[in-house]
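Asks: Could you have a look at this structure, given as structure tokens, before my questions?
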Amino acid sequence: VFLHDICKKDEEFYHYEHGRYPKRHHALLACQLAEALLEIKDSSILRLIRHHDDHHRLYREQAYYSDKEMQDRFRDVLHNFESEEVEALIRFGYIDRYSPKPKSKKKLPQYKKLQLMYQNQMDWFIRMAKQSHLVSENFNPFPKDRTSI
399 VFLHDICKKD EEFYHYEHGR YPKRHHALLA CQLAEALLEI KDSSILRLIR HHDDHHRLYR
459 EQAYYSDKEM QDRFRDVLHN FESEEVEALI RFGYIDRYSP KPKSKKKLPQ YKKLQLMYQN
519 QMDWFIRMAK QSHLVSENFN PFPKDRTSI
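When you read off a place in the sequence shown, starting at 1, and then add 398, the result is the number in this note's numbering.
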């Protein structure tokens, strides 16, 4: 999963556009690279790399779907995932969006704005994953009791 964003520059090379060239998305390219060059065969790891940006993409798509349609969309996009894999995808989403708090007070408002946006995306993604029965209703990405992870 350390390679999940390795192909972002390839999107620029291919003049990637989100709706028009889904086969050139950096996550798909990184998945292919991990499989081909590193000979990774673990389907869970490959799915995690391939779908690591789904929380962001699906969040953007919500404007075009009703809640019921969005639940169906979740199940369609994540149909090969086991519950534990969806949980890992959610945790990975938090980790992928992490950035240290800036030392500069000037940069703090932008940091807080991005943190709020990321938190809203993840809260929404978790809520939809629960409503779509992809994770349990009592799922907590970072429980106090770490033995349950």
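C-beta: ideal position from N, C-alpha, C; glycine also.
Can you list the alpha helix (DSSP H) stretches of 4 or more residues lying completely in the stretch 450–501, in chain order?
Replies: 452–459, 465–475, 481–494
Asks: Considering P507, what are the terminal residues of the alpha helix (DSSP H) in which it resides?
Replies: Counting from 1 along the sequence shown, the entry for residue 507 is found at position 109. Start and end: 506–529.
Asks: In the structure shown, what three-state DSSP assignment does E535 receive?
Replies: Locating residue 535 in the sequence shown gives position 137, where the first residue counts as 1. If DSSP states are grouped into helix, strand and coil, E535 belongs with coil.
Asks: Could you check what DSSP says for I447 in three-state terms: helix, strand or coil?
Replies: Looking up residue 447 in the sequence shown gives position 49. Note: I447 maps to helix in three-state DSSP.
Asks: Check this for me: beta carbons of G491 and H453, under 8 Å apart or not?
Replies: Position 93 of the sequence shown, counted from the start, is the residue given in the question as residue 491. Position 55 of the sequence shown, counted from the start, is the residue given in the question as residue 453. In contact: G491 and H453 (Cβ atoms closer than 8 Å).
Asks: What do you reckon, are the CB atoms on I524 and I488 nearer than 8 Å?
Replies: Residue 524 sits at position 126 when you count from the first residue of the sequence shown. Residue 488 sits at position 90 when you count from the first residue of the sequence shown. Yes, the Cβ-Cβ distance between I524 and I488 is below 8 Å.
Asks: If we ignore side chains and look at the alpha-carbon of each, how far apart do F472 and P539 end up?
Replies: As a working note, residue 472 is residue 74 in the sequence shown. As a working note, residue 539 is residue 141 in the sequence shown. Taking the straight line from one Cα to the other gives about 18 Å.
Asks: Taking 6 Å as the limit between beta carbons, can you name the residues of its chain near Y419, skipping five residues before and five after?
Replies: For the purposes of this step, residue 419 is taken as the residue at position 21 of the sequence shown. In this prediction, Y419 has a pLDDT of 47, which is less than 50 and means its spatial position is unreliable; nothing more can be read from the coordinates.
Asks: Please classify P541 as buried or exposed, where buried requires at least 16 other C-beta atoms within 10 Å of its C-beta.
Replies: Here residue 541 corresponds to residue number 143 of the sequence shown, with the count starting at 1. Exposed: under 16 other Cβ atoms inside 10 Å.
Asks: Give the secondary structure of L560 by DSSP, where H, G and I count as helix, E and B as strand, and everything else as coil.
Replies: This structure gives no information on residue 560, because the portion of the chain shown stretches from 399 to 547.
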